[in-house]
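Visitor:
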């Protein structure tokens, strides 16, 4: 089974060998190769930590290493008594905080407080994607923003964008598309004599707003109550 960790975490490879021999011509010896996400293979010399004769187990560990994004593979090989091979796969996700330099209108705390539940796994990325979707809903909207951050400055608008982002993320996740890449899709289409229909249920059964049906109705309604929808195209100025 693969382990799931985040970039920046440290890992100490560990192997338990059974049966084993502590000494003699058939003494157990473990070796290790680390395969990085870039495909680089690095031989590592592990160290025997302890023997537990009554349990028939011997423990080997290797120096810790820092994880980067992607798939790491730990290839163990054992010679002598207990000869065998083992492979550990470590899947590493990006640091959930690093790299979020774009405008994000809501935090995971905002999500928890508005919806009265804990945020799901991947909520930071999901809220960033939902913020982009809210930006689409705000096309042609006129409201004051900070010159540097381009974030809204009036309390009513700040609250509306925050709430809409949380509602968009919740709706997209409920549609089986938590990163808002197309939360709701048409149920089918017809071209001449060709007719294609998607089965009912899932994302196709959740009808949203917008050109592709991916806008959460509650998120749109929240922006509408704040007067941020329905504007005609404007000259450059207070637009986001």
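Residue numbers (the numbering used here): 552 to 791. Where is the CB? At the ideal position from N, CA and C, for every residue including glycine. Only a predicted model underlies this, so the values are computations on that prediction, with no experimental measurement involved.
1. For the beta strand (DSSP E) holding residue 593, just list the boundary residues, first then last.
2. Apart from the five residues just before and just after residue 722, which ones in its own chain have a Cβ nearer than 6 Å to its Cβ?
3. State the DSSP-derived secondary structure class of residue 667, mapped to helix, strand or coil.
4. Return the bridge partner residues of residue 621 from the DSSP annotation.
5. Can you give me the start and stop residues for the alpha helix (DSSP H) that residue 685 sits inside?
6. Given a cut-off of 7 Å on the beta-carbon distance, is the pair residue 597 and residue 583 in contact?
7. Please classify residue 716: does DSSP put it in a helix, a strand, or coil?
8. Which partner residues does residue 561 have in the DSSP bridge list?
9. Could you spell out the range, first to last residue, of the alpha helix (DSSP H) harbouring residue 774?
10. Name the DSSP beta bridge partners of residue 567, please?
11. With a threshold of 8 Å on Cβ separation, who are the neighbours of residue 563 within its own chain once the five nearest residues in sequence on each side are excluded?
12. Roughly how many whole angstroms lie between the Cα atoms of residue 675 and residue 659?
13. Out of 621, 576 and 568, point me to the one whose CA is closest to residue 554's CA.
14. Whose C-alpha, out of 708, 717 and 725, is nearest the C-alpha of residue 775?
15. Among residues of its own chain, excluding the 5 on either side of residue 560, which ones have a beta-carbon nearer than 7 Å to its beta-carbon?
Guide: In this structure, then:
1. Per DSSP, the unbroken beta strand (DSSP E) holding residue 593 starts and ends at 592-595.
2. Around residue 722: 767.
3. DSSP, reduced to helix, strand and coil, places residue 667 outside both helices and strands of the structure shown, so it counts as coil.
4. Residue pairing from DSSP places residue 621 in a beta bridge opposite 643.
5. Here the alpha helix (DSSP H) through residue 685 covers 674-688.
6. In contact: residue 597 and residue 583 (Cβ atoms closer than 7 Å).
7. In the structure shown, residue 716 adopts helical secondary structure according to DSSP, grouped into three states.
8. Residue 561 is bridged by DSSP to 617.
9. Here the alpha helix (DSSP H) through residue 774 covers 768-776.
10. Beta-bridge pairing links residue 567 to 610.
11. Excluding sequence positions up to five before and after residue 563, its CB lies within less than 8 Å of the CB of 612, 613, 614 and 615, all in the same chain and listed in chain order.
12. Approximately 7 Å between the Cα atoms of the pair.
13. Residue nearest to residue 554 within the set 621, 576 and 568 is 621 (criterion: CA-CA distance).
14. The residue with the shortest Cα to Cα distance from residue 775 is 708.
15. The residues 618, in chain order, have a CB closer than 7 Å to that of residue 560 in the same chain once the five nearest residues on each side in sequence are set aside.
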